[in-house]
Amino acid sequence: MTRAESIAALGDLRRARRRQRVAEIHWIDAMYQVYITGVIAVVALVFLSTFIGDGQVDADTAADVLRHGPAVCGLVAALAIFVGLRSGARGGPLALERPDVRHVLLSQVDRGVALRGPAWRQLRFALFVGVAVGAGLGQLALRRLPGNQAEWMATGALFGATVAMLAFGSALVASGVKLPSWVATFGGGALVAWSVADIAGRAPTAPGTIVGRLPLWPMDFDPLAVLGVVLAVALVAVGMRTVAGTSLESAERRTALVGQLRFAVTLQDLRTVLVLRRQLAQERPRSRPWVPARAGHARYPVLQRGVRSVMRWPLGRIGRIATLVVVAGLAFRGIWAGTTPLILVAGPALWLAALDAAEPLGQEVDHPGRTDTFPFERGLLFLQHLPLVFMVSGVVGLLTGVVALLPGPSAVPPGEALLVGVVASLLAACGAIVSIVQGAPEPVDNLAITTPEIAGTRTVFRTAWPPGLAVIGTLPLLAARGAFDRPVTETGATPMAAALLATLPMILLIVLVAAWARFYDRIHAFLRDAMEQASPTKAAERASAEREAREQAALEEVIASADAARKGDGDDAAGGSNAERTPKPKPKPKPKPKANPSPPAAGVQGGTSAKPIGRRRDQEPS
Amino acid sequence: MTNTPALTADGLTKTYDELVALHPLELVIPSGQSVALIGHNGSGKSTFLRMVAGLLEPSGGDLEVHGFDLGDVEARATTSYLPDEPVLYDDLSLREHVEYISRLHGGDGFDDYAEEMCARLGLTDRVDDLPSRFSRGLRQKTAIVLAIARPFSLLLVDEPFVGLDQPGKAVLLDLLDEVHADGATTLVATHDPAYVDRVDRSIALRDGEVVFDGTATVDQVLALVGG
Numbered sequence: 001m002t003r004a005e006s007i008a009a010l011g012d013l014r015r016a017r018r019r020q021r022v023a024e025i026h027w028i029d030a031m032y033q034v035y036i037t038g039v040i041a042v043v044a045l046v047f048l049s050t051f052i053g054d055g056q057v058d059a060d061t062a063a064d065v066l067r068h069g070p071a072v073c074g075l076v077a078a079l080a081i082f083v084g085l086r087s088g089a090r091g092g093p094l095a096l097e098r099p100d101v102r103h104v105l106l107s108q109v110d111r112g113v114a115l116r117g118p119a120w121r122q123l124r125f126a127l128f129v130g131v132a133v134g135a136g137l138g139q140l141a142l143r144r145l146p147g148n149q150a151e152w153m154a155t156g157a158l159f160g161a162t163v164a165m166l167a168f169g170s171a172l173v174a175s176g177v178k179l180p181s182w183v184a185t186f187g188g189g190a191l192v193a194w195s196v197a198d199i200a201g202r203a204p205t206a207p208g209t210i211v212g213r214l215p216l217w218p219m220d221f222d223p224l225a226v227l228g229v230v231l232a233v234a235l236v237a238v239g240m241r242t243v244a245g246t247s248l249e250s251a252e253r254r255t256a257l258v259g260q261l262r263f264a265v266t267l268q269d270l271r272t273v274l275v276l277r278r279q280l281a282q283e284r285p286r287s288r289p290w291v292p293a294r295a296g297h298a299r300y301p302v303l304q305r306g307v308r309s310v311m312r313w314p315l316g317r318i319g320r321i322a323t324l325v326v327v328a329g330l331a332f333r334g335i336w337a338g339t340t341p342l343i344l345v346a347g348p349a350l351w352l353a354a355l356d357a358a359e360p361l362g363q364e365v366d367h368p369g370r371t372d373t374f375p376f377e378r379g380l381l382f383l384q385h386l387p388l389v390f391m392v393s394g395v396v397g398l399l400t401g402v403v404a405l406l407p408g409p410s411a412v413p414p415g416e417a418l419l420v421g422v423v424a425s426l427l428a429a430c431g432a433i434v435s436i437v438q439g440a441p442e443p444v445d446n447l448a449i450t451t452p453e454i455a456g457t458r459t460v461f462r463t464a465w466p467p468g469l470a471v472i473g474t475l476p477l478l479a480a481r482g483a484f485d486r487p488v489t490e491t492g493a494t495p496m497a498a499a500l501l502a503t504l505p506m507i508l509l510i511v512l513v514a515a516w517a518r519f520y521d522r523i524h525a526f527l528r529d530a531m532e533q534a535s536p537t538k539a540a541e542r543a544s545a546e547r548e549a550r551e552q553a554a555l556e557e558v559i560a561s562a563d564a565a566r567k568g569d570g571d572d573a574a575g576g577s578n579a580e581r582t583p584k585p586k587p588k589p590k591p592k593p594k595a596n597p598s599p600p601a602a603g604v605q606g607g608t609s610a611k612p613i614g615r616r617r618d619q620e621p622s
Numbered sequence: 623m624t625n626t627p628a629l630t631a632d633g634l635t636k637t638y639d640e641l642v643a644l645h646p647l648e649l650v651i652p653s654g655q656s657v658a659l660i661g662h663n664g665s666g667k668s669t670f671l672r673m674v675a676g677l678l679e680p681s682g683g684d685l686e687v688h689g690f691d692l693g694d695v696e697a698r699a700t701t702s703y704l705p706d707e708p709v710l711y712d713d714l715s716l717r718e719h720v721e722y723i724s725r726l727h728g729g730d731g732f733d734d735y736a737e738e739m740c741a742r743l744g745l746t747d748r749v750d751d752l753p754s755r756f757s758r759g760l761r762q763k764t765a766i767v768l769a770i771a772r773p774f775s776l777l778l779v780d781e782p783f784v785g786l787d788q789p790g791k792a793v794l795l796d797l798l799d800e801v802h803a804d805g806a807t808t809l810v811a812t813h814d815p816a817y818v819d820r821v822d823r824s825i826a827l828r829d830g831e832v833v834f835d836g837t838a839t840v841d842q843v844l845a846l847v848g849g
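Chains as they are written, first to last, in the working numbering: chain S, 1 to 622; chain P, 623 to 849.
Below, the structure is given as structure tokens:
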């Protein structure tokens, strides 16, 4: 098959598919999506504008921006390459459809021809996002930094496009040359580490920093930054040439997972996103545990099950948690030095680590069909999983504290570091428990139907509350810092005492979250009932049923009195009473009782199994 | 091509971390032979077929299809793979599927042969419907049409009878016999011991290793892999 024939056959295939897709597009839905995206973009811009403020910075700050800005922006470029290399080593960045892998890539069609089309389309989208985000950030920078509006937006857009190309190009090259995963991790990681060291002023200029000079052109034009753009374009060009070498095995594994991942993200189903991400990274539990489990009867089987799960953590997961511990510990040091916004780094880092610690609990939530068969409530099972989650998180917290107290710049005093590390980590565990137990939003939500505004607020709350809990956990560090900054005579408390005082409400929060997990199903059932009671439709149905019942009662009363009168007449034996002659009114048929869902049998509350089919069949007479 | 083996595996192996899915395998399948690949679940049948199809990368060893390296255009041109789970586009009708997939393989599109296949499998009335709305069995029949209506000389079939009704199964068995009679090499992985009566050669796998290679009877197969 010639190249021209390949192109013609693929072109025909894509045209036919496009026709079918266009015919099936729901235009109102599409326009609604555009509308929602626009609203979110505007809200994000307004929020960031408010956060950044609009006063021009002084000369010293501008000099600071010029000194450190390129390294910070360079870190973004280095991270883009790191993410791209890792994605490419796992078969990315292309997310093909499974039939395309099976039918197109297994055919005689030139694989380069077949893959370059999707690659260009994906690059186009990445460039659009990069340019839009870059221009938006340029617009924000303009509010505080000196320079021309068009220049800031243009350089921002150029930098955004460069970052997008660096990520996409590195992924394409890594995928095309089948770069081993460890090479991608170490190569990309070295670039990131170099950039971090450059920011700290402890390394010569990192390669990323050269690219990072690009967005600051309006303040200081450095032609060397063009090298970043050239490198990005070169990476894309090489990637497009080598794309035919993409592994079909990785591509096929990716096809199924990426589709599910997108769907799970759409549904805000965090647990599914986590599980799929692990599958995408081929992160599987070890077949042999680090420490072999003892056989025999366990007094606490749920705890034992959890310990066995932790003992099978793969090295990659341990490495990820270690990285998060270092990030959180360094953020603690930054907070102690006065950079309060770093609580938004420390909290989420600990929350992500806690999501791994809560894996055994997540496994139970993933299999409601199995938990439904246990002879006790799901809540009890959840409760028995919590000690392990807190234990693992406690260890993570202690390690975070150790990173924060290590000698060096901005070291946190040992007592405060360890206390805050543990407290913040336990609150992060609470956030992880909430994330996992609440699961994905229900597909049919009465609240969303009746009051979209409340439902929208609730969605934001559902998403923000779990990491928010983790951020709240870092507040004792702020309390300790506040006490440290002022003399004891003024505050009346030492930093440690202030941290301990701030910890007390945290303990209450931990107890509340544990109770919430224990009674989650009951609370959920209660709220569902309350929602049904409050629903206008349900209220109208109830009023109608009550009215019919009243009418029926009145009718029965009339009939009863007529019967009594007739009976009286008969006793008198007088000929023909009115009651006898009056035709008996036909009783109105009783309204059919509304089908109420039968309450779940004991032991099957919660979960998604709608019918206890097995039990029902068992109860039928043989 | 007739003198060149359809398939040559030399030390072919596949591992997933610590798990060995296929131990080093030495195998030569001459052109035109019909072969049954039998074994328990997890014995390595599907892994082997998916490697020959080019969907899995060998962890070691060499694999040649009609003398061409795995993944070469020539190897892809001669190999047709019928998976146990149909993989179909959601937005193409059965006719469009056949038309375009046949063209991607240098075929003539929805020709008389494809039409006859559809008729034999009872799909004539459904050719303009979307397979995404078909039942499992009809989707499997669609996959059969797609695998056989295109040009090939090596047919790989993985658990072909799953989801098929009795008439469908009978038609598929006839089709496998016909393509074999036409000179194609067939390699069919199945749990059905009775199928070994229809083939020239049976290869039994257990835990990723060949435990039997030759002409087998149903009883021998049952003794080898249980039943």
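In this text, a Cβ means the ideal position worked out from N, Cα and C, and glycines have one as well. Everything numeric in this text was worked out from a predicted model, so none of it was measured.
Answer yes or no: does any C-beta atom of chain P fall closer than 8 Å to that of residue i?
i                 : result
His103 of chain S : yes
Gln20 of chain S  : yes
Ser287 of chain S : yes
Glu252 of chain S : yes
Asp29 of chain S  : no
Leu13 of chain S  : yes
Ala9 of chain S   : yes
Can you list the residues of chain S that residue i reaches, using a CB-CB cut of under 9 Å?
i                 : result
Leu735 of chain P : One detail in the question is off: residue 735 of chain P reads as Tyr in this sequence, not Leu. Here the premise fails: no neighbours, minimum Cβ distance about 18 Å.
Glu640 of chain P : Arg286, Ser287, Arg288
So which residues of chain S does residue i contact, with C-beta pairs closer than 7 Å?
i                 : result
His727 of chain P : Ser107, Gln108
Gly676 of chain P : Leu106, Leu248
Val695 of chain P : Gln108
Glu718 of chain P : Ala16
What does residue i touch in chain P if you count any residue whose Cβ is under 9 Å from its own?
i                 : result
Glu283 of chain S : None at all; the shortest Cβ gap to chain P is about 11 Å.
Would you say residue i faces chain S, with C-beta separation under 8 Å as the test?
i                 : result
Ile723 of chain P : yes
Ala699 of chain P : yes
Glu781 of chain P : no
Arg703 of chain P : Arg is not the amino acid found at residue 703 of chain P; the sequence shown has Tyr there. Closer than 8 Å to some Cβ of chain S, the Cβ of Tyr703 of chain P qualifies, so yes.
Glu679 of chain P : yes
Met623 of chain P : Residue confidence is low: Met623 of chain P scores 47 on pLDDT, short of 50, so the model does not pin down where it sits. Its coordinate-derived value is still stated next. So, not an interface residue.
Could you name the residues of chain S that residue i contacts, counting a contact when the two beta carbons are closer than 8 Å?
i                 : result
Leu710 of chain P : Pro99
Cutting at 8 Å between CB atoms, please list the residues of its own chain near residue i, excluding the five before and the five after it.
i                 : result
Ala845 of chain P : none
Leu227 of chain S : Ile210, Val211
Phe519 of chain S : Gly379
With residue i and residue j assumed to form a contact (beta carbons below 8 Å), what rounded beta-carbon distance in angstroms separates them?
i                 : j                 : result
Thr630 of chain P : Val650 of chain P : 5 Å
Leu344 of chain S : Val471 of chain S : 6 Å
Gln108 of chain S : Val695 of chain P : 5 Å
Val674 of chain P : Leu659 of chain P : Incorrect: roughly 10 Å between the Cβ atoms, too far for contact.
His719 of chain P : Thr700 of chain P : Incorrect: roughly 21 Å between the Cβ atoms, too far for contact.
Thr272 of chain S : Ala264 of chain S : 4 Å
Val307 of chain S : Leu388 of chain S : 7 Å
Please compile the residues from chain P whose C-beta is within a distance smaller than 8 Å of the C-beta of residue i.
i                : result
Arg17 of chain S : Tyr711, Asp713, Leu714
Only counting the same chain, and skipping five residues up and downstream in sequence, which positions put a Cβ closer than 6 Å to that of residue i?
i                 : result
Pro705 of chain P : Asp780
If you drop the 5 nearest sequence neighbours on each side, which residues of the same chain put their C-beta closer than 7 Å to that of residue i?
i                 : result
Val177 of chain S : Thr242, Gly245
Lys538 of chain S : Glu532
Gly676 of chain P : Leu692, Gly693, Arg698
Leu768 of chain P : His719, Val720, Ile723
**the region 171–195 of chain S: positions lying closer than 8 Å to chain P by Cβ** = none
**Message:** Using a Cβ-Cβ cutoff of 9 Å, what residues of the region 490–524 of chain S are near chain P? List them in chain order.
**Reply:** none
**Prompt:** Listed from N- to C-terminal order along the chain, which residues in the region 744–775 of chain P have their beta-carbon within a distance smaller than 9 Å of any beta-carbon of chain S?
**Reply:** Leu752, Leu768, Arg772
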